[in-house]
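Chains as they are written, first to last, in this note's numbering: chain U, 1 to 113; chain D, 1001 to 1114.
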C-alpha cells in the first residue's frame, strides 16, 4: 500500500523555466511533508518541508504547496538550473511520533541548458 | 567533515555469506535509521534506534540484525545473504525521533549478492 505517490517517473525542463513536481498521499494522518533531493551515488538531502497548518512554504527558488483537501503537494523550482537535475522524493512521517519516513518513488528531474 | 558516513560504499558477496555495514554520525543526533532502496527505487524504513534503543523494526527478516553500540553508531549485520537482499542501504540520523525532524542521510552502501 503506497501511501505516498509520485506518479511522474521523470520530468524534463528547459533551464530558466519552472519545474513542477507532484506528490499525492492517501493517509490523512500525515501532518508534515518533506522533499528530498538525491544525486547519483549519494544519499538523499533535505530540500524543504511544510506543515499541514500551512499551504505554502518558500525557500529561495523552491516553493512547496500543500492542498490538504486534495491530499496533494507540489514542489516548484523557479528558475530551474542544470544543477537541479536529480531525483526528487517527497516524504511524510509515518503518522506516529517515531520519525519513520514514508517516501514516494521519486521523480527524475532533468534540466537542459 | 562527513555528517553521516557508511562503510563500505560497495559490497559484493556470495549468497549465504554474512556481512556487516557500518554507520556513524557526528551530528550529536539521538536517532538513527536504516533504509533500503530496492531495484524499483523505493526507499523503505527498516529500523530506527533512539539512544541505542530499537524503536522501529519494520517487519524485516531476522537475518537482519542492527546493533547500536552508542548513539553515534548504528551497524547492520546480515546473515545468510540472499539474492533479494541486493539493494542500496542508507543510514540516516535525526536530532530526535519526532516526525518533523529533518533526517540526514549517509551516501549509501550498494550491496550486490551473487
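Every residue, glycine too, gets a C-beta built ideally from N, C-alpha and C.
These figures come from a predicted structure and were not determined experimentally.
query = residue 101 (chain U) CB to nearest chain D CB: under 8 Å?
reply = yes
query = Of all Cβ atoms in chain D, is any one closer than 8 Å to the Cβ of residue 32 (chain U)?
reply = yes
Euclidean distance between Cα positions of residue 1105 (chain D) and residue 1044 (chain D) = 13 Å
Exposure of residue 112 (chain U), with buried meaning 16 or more beta-carbon neighbours within 10 Å = exposed
inquiry  = Count Cβ pairs between the stretch 1014 to 1024 of chain D and the stretch 64 to 83 of chain U that sit closer than 8 Å; are there 3 or more?
reply    = no
request  = Could you work out which residues of chain U lie near residue 1107 (chain D), taking near to mean beta carbons separated by less than 8 Å?
outcome  = 41, 42, 43
ask   = Applying a beta-carbon distance threshold of less than 9 Å, which residues of chain U neighbour residue 1103 (chain D)?
value = 34, 36, 44, 46, 91, 99, 101
request  = Note down, in chain order, each residue of its chain lying with its Cβ closer than 6 Å to the Cβ of residue 87 (chain U), except the 5 sequence neighbours on either side.
outcome  = 38, 106, 108
task = State the Cα-Cα distance for the pair residue 27 (chain U) and residue 51 (chain U), rounded to the nearest angstrom.
result = 15 Å
query = Distance, Cα to Cα, residue 114 (chain U) vs residue 29 (chain U)?
reply = Lying before the first or after the last residue shown, residue 114 (chain U) is absent from chain U, which here runs from 1 to 113.
inquiry  = Short of 6 Å in beta carbon distance, which residues of its chain neighbour residue 1077 (chain D), apart from the five on each side in sequence? Order them along the chain.
reply    = 1020, 1065
inquiry  = Would residue 1110 (chain D) and residue 1010 (chain D) qualify as a contact pair, given that the criterion is a beta-carbon distance under 8 Å?
reply    = Their beta carbons are under 8 Å apart, which means residue 1110 (chain D) touches residue 1010 (chain D) by this criterion.
message = Between which residues of its own chain and residue 75 (chain U) is the CB-CB distance below 6 Å, once the five residues before and five after are set aside?
response = 21, 35, 64
query = DSSP puts residue 1032 (chain D) in a beta bridge; with which residues?
reply = D:1049, D:1093
query = Is it true that the CB of residue 1112 (chain D) sits closer than 8 Å to the CB of residue 1030 (chain D)?
reply = no
request  = Evaluate residue 102 (chain U) with the Cβ neighbour count: other Cβ atoms within 10 Å of its Cβ, from every protein chain shown; 16 or more gives buried, anything less gives exposed.
outcome  = It is buried - the Cβ of residue 102 (chain U) has at least 16 other Cβ atoms within 10 Å.
task = Give me the Cβ distance between residue 71 (chain U) and residue 32 (chain U), rounded to the nearest whole Å; I'm assuming they're in contact under 8 Å.
result = No, residue 71 (chain U) and residue 32 (chain U) are not in contact; Cβ-Cβ is about 14 Å, not under 8 Å.
inquiry  = For a test of the three-state rule: what should DSSP assign to residue 84 (chain U), helix, strand or coil?
reply    = Residue 84 (chain U): helix per DSSP, three-state reduction.
query = Are the beta-carbon atoms belonging to residue 1092 (chain D) and residue 1035 (chain D) less than 8 Å from one another?
reply = In terms of Cβ geometry, residue 1092 (chain D) and residue 1035 (chain D) form a close pair [threshold 8 Å].
ask   = Where do the ends of the beta strand (DSSP E) carrying residue 111 (chain U) lie?
value = 107 to 112
ask   = Residues in its own chain within less than 8 Å of residue 92 (chain U) by CB, not counting five upstream and five downstream?
value = 3, 4, 25, 27, 30, 32, 33, 34, 101, 102
query = What did DSSP end up calling residue 1085 (chain D) once you bin it into helix, strand or coil?
reply = Residue state, collapsed to three classes: helix.
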